[in-house]
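Protein chains in written order, with our numbering: chain X, 1364 to 2129; chain W, 36 to 195. Backbone N, C-alpha and C fix where the C-beta goes; we use that ideal spot for every residue, glycine too. Note that the coordinates shown come from a computational prediction; the quantities given were computed from them, not determined experimentally. Worksheet: one structure, shown below.
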């Protein structure tokens, strides 16, 4: 494919770092505009209620305030934000208006926007707005939702938005014949992405040209432009979305949120640039929440440990509205509960229930983190019941390389079929056991050493990537011989520019310093783009770059042939520097065309890549405090073709630590009135530098993906997916002498202490 | 009200509201946008700057409190012709991804190593635990800071 291949596969230092390390990044809040007004958003402090009136006169009268916008300013109807993924008609009644419309349904829902000379004055004015809201009983959790006593959407008559069903084989028959079954309930708490940079937008309306520019785009700028154009009544090409540097995405940033309409609308409303920067408290109540799910599931096995079936019901707490990608987590819980295992009979329902809490969306490994916790916990319990070694139990049930491609459960409605593409799952399991020194450490299981109980666990995962339908790239050989790369993928802080520069430089056989720039994420660079989600950027954007490079080489040959007076097929591009014709006549690529030579490539894909691997953990539990110390943590994953092993390892380790946050501490707790109890970083705890010093990642490229020209698989989520299950199993293993079985995350010191305390009390009572 | 202080070696005088934080003053009045604001309540450390040699949270300090101090931001710890040894170590160890927490990590690590060029891994972790990063998991940041110690040992005795 590439005669020289020096950069792809190498730990190339990142191009982005030169600006980030010197404070020269340009995040959206770093932008300044003359005449800018600052927006602040009044958000509901009531979880569920009917809006009687909103008194804005005092706020409007405050010196420095230029406008107060409410739903009344939106014309005849408040625009609705459509779903981007799984846009089923059943979800339509639950989609979110850009501003509370008649009712408020969660704490944090926008009620009014103030525009003022400074952010401080705008925030002052918020305190002068008086919303009169008649409180309604809050639906604070999925059990309350299921009762339908209080209903979020009266027209709909129920809080149940939809039930997904994942099926394969004949689960009823499998369970009927099974020698062994076990039924369990598990729960994962609500937590979320929390990127370090809060969201921000800067919108500029050019009335003379009828053009709108929106800075602060990321993830899916083209899709968001389509939504905005329709909502605001402009042609798509009258709107430019600009991606600046982006301080972390993890699935949550860059989806279309209410503010993505409100701020551009405000700029047009007042005819001046308008800027909004989310503060952390706002982020905690406004950005997509995630993960909150419970299940009641059952496994069936033969006596020899073969898994025969998996069935049951899961419940996803959706919050107040179906947001753009709100259904993904719930869908994935159903479809990926079988993970990397050979489970021939599956019947899993997942009910999506509306509650008076912040709406949910995707967070790195959406649904997969939850469902892997459910499954891996159940596997350890089943192995123990069957008297099987839990590693051997997994070995027997992993899908083997010879079974690829392996079909997984079909999900309905949506009728989406999927198959695992390639890999040797047992290989990564064995390597992981080796890395953590399982053989030697086995004797530590459940042992008390210096007052702490040691535990081990290992679990296997798959990570889907490479969502279609396509991605586009354009390469330009500039007159000076440098190469510009334009691509429809977007950056969210993952090092996209470096990875794409590596791919493009190799494809054109040039050194990386001949890459003039990788231009991405803004709607002006390519005609259409699909962005960065579902671990798709490298596979889709990278493959599009390869195809564009091939087209560019053809274009260069054709141009050179014209000048050399020969057939294009007779021209060879040598060392990325010159075009050589028959007889050795040659032209340097520098100056080959005054206006540069451009070529496009578009990669189409209907299938998914599946990265796979295993995680292992060694923990020590202090029975007096319930504190769990992580002594060692290893991830081994095979991601197919690796573009940059240093960046990949960085993604995996960062992803693991995010997962440890979810396993041990992060919790968007609510009270029974639907009030968010974690409104600051003092309440919402995430891992710090002193929490988890020992995390290791081994990245392999044994099985390149067969479904794209790069051979790459989506990566970056695999580090998080297995963490909850592995940590809970390690804690159970440590406390096996007390028969402690964690069924709920996070495993805070308090929860672990209570588990132990209850187990000891039960033991004493016997 | 007017406030006078030194930023990155230059004297500045800014007219500010008493309630303006030093972080907002640096970012919006002085256009030094390398200092980032992540939480405005002193937890995340993204806004860390060096005031009279000590790492402080610019979101917890009012601009008026900076009167007569010497403030150093990430821009003041950078040069045009390349990376400092600390920055180069961050790049080598892949100690940043999205870059948003990075200026605060750089200022915090610089203040630490200027005082304690022999800080061990545990000490580095302890000091960095006041700076939140959501991308890296910290492992590479700690490695980068440890690897940069040599450069600070050499310059011991000279002012940062």
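Inter-residue CB distance, residue i and residue j (contact presumed, cutoff 8 angstroms)
{"i": "residue 1660 of chain X", "j": "residue 1673 of chain X", "result": "7 angstroms"}
{"i": "residue 1977 of chain X", "j": "residue 1955 of chain X", "result": "Incorrect: roughly 50 angstroms between the Cβ atoms, too far for contact."}
{"i": "residue 1984 of chain X", "j": "residue 1816 of chain X", "result": "5 angstroms"}
{"i": "residue 2075 of chain X", "j": "residue 2012 of chain X", "result": "Not quite, the Cβ-Cβ distance comes to about 15 angstroms (not below 8 angstroms), so this is no contact."}
{"i": "residue 1847 of chain X", "j": "residue 1895 of chain X", "result": "Contact doesn't hold; Cβ gap of about 20 angstroms is too wide."}
{"i": "residue 145 of chain W", "j": "residue 179 of chain W", "result": "That belief does not hold up - the Cβ atoms of residue 145 of chain W and residue 179 of chain W are roughly 12 angstroms apart, past 8 angstroms."}
Residues sharing a beta bridge with residue i, DSSP
{"i": "residue 1801 of chain X", "result": "Answer is none; residue 1801 of chain X lacks a bridge partner."}
{"i": "residue 1856 of chain X", "result": "Answer is none; residue 1856 of chain X lacks a bridge partner."}
{"i": "residue 1769 of chain X", "result": "X:1783"}
{"i": "residue 1685 of chain X", "result": "X:1458"}
{"i": "residue 1883 of chain X", "result": "X:1850"}
{"i": "residue 1548 of chain X", "result": "X:1659"}
{"i": "residue 1498 of chain X", "result": "X:1412"}
{"i": "residue 104 of chain W", "result": "For residue 104 of chain W, which the question treats as bridged, DSSP gives no partner whatsoever."}
Proximal residues of chain W, C-beta to C-beta of residue i below 9 angstroms
{"i": "residue 1857 of chain X", "result": "132, 133, 170"}
{"i": "residue 1558 of chain X", "result": "133, 135, 169, 170"}
{"i": "residue 2056 of chain X", "result": "156, 157, 160, 173, 174, 177"}
{"i": "residue 1642 of chain X", "result": "72, 74, 75"}
{"i": "residue 2043 of chain X", "result": "74, 76, 78"}
7 angstroms Cβ cut-off: residues of chain W touching residue i
{"i": "residue 1756 of chain X", "result": "Per Cβ cutoff of 7 angstroms: no residues; residue 1756 of chain X is ~30 angstroms from chain W at best."}
{"i": "residue 1609 of chain X", "result": "133"}
{"i": "residue 2010 of chain X", "result": "129"}
{"i": "residue 1376 of chain X", "result": "126, 127"}
{"i": "residue 1704 of chain X", "result": "None at all; the shortest Cβ gap to chain W is about 28 angstroms."}
{"i": "residue 1393 of chain X", "result": "68"}
Per-residue contacts from residue i into chain X (C-beta, under 8 angstroms)
{"i": "residue 175 of chain W", "result": "2013, 2016"}
{"i": "residue 186 of chain W", "result": "Under the 8 angstroms cutoff, chain X gives no residues; its nearest Cβ is about 14 angstroms from residue 186 of chain W."}
Under 7 angstroms from the C-beta of residue i: neighbouring residues of chain X
{"i": "residue 161 of chain W", "result": "2053"}
{"i": "residue 138 of chain W", "result": "1386"}
{"i": "residue 143 of chain W", "result": "Those do not exist, as residue 143 of chain W stays about 10 angstroms from chain X at its closest Cβ, beyond 7 angstroms."}
Where residue i sits in the DSSP three-state scheme
{"i": "residue 170 of chain W", "result": "coil"}
{"i": "residue 1572 of chain X", "result": "coil"}
{"i": "residue 1469 of chain X", "result": "coil"}
{"i": "residue 1612 of chain X", "result": "coil"}
{"i": "residue 175 of chain W", "result": "helix"}
{"i": "residue 57 of chain W", "result": "helix"}
{"i": "residue 1437 of chain X", "result": "helix"}
{"i": "residue 1975 of chain X", "result": "strand"}
{"i": "residue 1981 of chain X", "result": "strand"}
{"i": "residue 1366 of chain X", "result": "Interpretation of residue 1366 of chain X is limited by its pLDDT of 47, a score under 50 that renders its predicted location unreliable; the figure taken from the coordinates is listed afterwards. In the structure shown, residue 1366 of chain X sits in coil (DSSP, three-state: anything other than H, G, I, E or B)."}
{"i": "residue 1559 of chain X", "result": "coil"}
{"i": "residue 1578 of chain X", "result": "strand"}
{"i": "residue 1604 of chain X", "result": "strand"}
{"i": "residue 1387 of chain X", "result": "coil"}
{"i": "residue 46 of chain W", "result": "strand"}
{"i": "residue 1822 of chain X", "result": "strand"}
{"i": "residue 194 of chain W", "result": "A caution first: residue 194 of chain W carries a pLDDT of 44, below 50, which makes its placement in the model unreliable, though a value can still be read off. Correct three-state label for residue 194 of chain W: coil."}
{"i": "residue 1996 of chain X", "result": "strand"}
{"i": "residue 1503 of chain X", "result": "coil"}
{"i": "residue 1567 of chain X", "result": "strand"}
Distance cut-off 8 angstroms: residue i Cβ against heavy atoms of the ligand ATP
{"i": "residue 1774 of chain X", "result": "Judged by which ligands are present, the structure shown has none, so any question about the ligand ATP falls away."}
Chain X residues whose Cβ lies nearer than 9 angstroms to that of residue i
{"i": "residue 42 of chain W", "result": "Going along chain X, no residue has its Cβ under 9 angstroms from residue 42 of chain W, so there is no contact; the nearest lies around 13 angstroms."}
{"i": "residue 118 of chain W", "result": "1380, 1381, 1384, 1385"}
{"i": "residue 50 of chain W", "result": "Per Cβ cutoff of 9 angstroms: no residues; residue 50 of chain W is ~13 angstroms from chain X at best."}
{"i": "residue 54 of chain W", "result": "1483"}
{"i": "residue 108 of chain W", "result": "1386"}
Test: residue i CB closer than 9 angstroms to a CB of chain A
{"i": "residue 122 of chain W", "result": "The chain labelled as chain A is not found among the protein chains of the depicted structure, namely X and W."}
Partners in chain W for residue i, counting only beta-carbon separations shorter than 8 angstroms
{"i": "residue 2021 of chain X", "result": "169, 172"}
{"i": "residue 2049 of chain X", "result": "167, 169"}
Please list the segments of the alpha helix (DSSP H) lying wholly inside the stretch 2079 to 2116 of chain X, counting only runs of 4 or more residues, in order along the chain. 2081 to 2084, 2086 to 2097
Please go through the stretch 1670 to 1753 of chain X and give each complete alpha helix (DSSP H) segment of 4 or more residues, from N-terminal end onward. 1691 to 1698, 1731 to 1749
Return the chain-ordered ranges of every beta strand (DSSP E) run that is complete within the stretch 2004 to 2069 of chain X and spans a minimum of 3 residues. 2059 to 2063
Could you give the uninterrupted runs of the beta strand (DSSP E) lying entirely in the stretch 113 to 147 of chain W, keeping only those of 3 residues or more? none
Which runs of the alpha helix (DSSP H) at least 4 residues long sit entirely within the stretch 62 to 99 of chain W? Give them in chain order. none
Taking only runs of the alpha helix (DSSP H) that begin and end inside the stretch 1889 to 1940 of chain X, which ones reach a length of at least 4 residues, in chain order? 1905 to 1927
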